[in-house]
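Each residue of the sequence shown is one higher than the one before, counting from 167 in our numbering.
No residue lacks a Cβ here, since even glycine has one placed at the ideal position from N, Cα and C.
These numbers come from a predicted model, not from an experiment.
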Amino acid sequence: MAENPEKKVAHMKEEKKDEIMQNFQYFKDYLGDKVEMGEKIGLDDDQLTKYAKKVADYLAKQEKPRNREEYLLNEMWNVANEKERENIAHVLVKMVDRTND
């Protein structure tokens with residue numbers, strides 16, 4: 167999972183990427199699946215946060231927001247410093263972590 171998240175997202179089929187990015191709930195479900203997968207292979211919160219940050223960095227640079235929630239996240243990401251971005255990534259991981267239900 168933690169190998170190269172930017173490459174994985176970049177090489178994802180455009181159709182799949184559009185499906186995930188069109189609806190914020192789909193985005194959260196996708197991220198939740200990846201967090202769950204990471205937990206199953208033993209990644210801790212710090213590792214999951216680093217992975218989420220790499221994906222968010224890629225999305226902020228390469229993908230146009232496609233809904234209100236993504237637009238807000240993109241705006242927050244772009245004005246945040248590195249520490250704040252880590253915090254945002256951590257909050258995203260917490261938000262989609264199904265083990266906290």
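Euclidean distance between Cα positions of residue i and residue j
i: LYS260; j: ALA222; result: 15 Å
i: ASP211; j: ARG234; result: 27 Å
i: ASP263; j: LYS227; result: 25 Å
i: LEU214; j: ASP195; result: 15 Å
i: MET203; j: GLU248; result: 25 Å
i: ASN244; j: PRO231; result: 12 Å
i: PHE193; j: GLU205; result: 18 Å
Reduced DSSP secondary structure (H/G/I, E/B, other) of residue i
i: ARG114; result: This structure cannot settle anything about residue 114, because the visible part of the chain is limited to 167 through 267.
i: LEU209; result: coil
i: GLU202; result: helix
i: ALA226; result: helix
i: ASN233; result: coil
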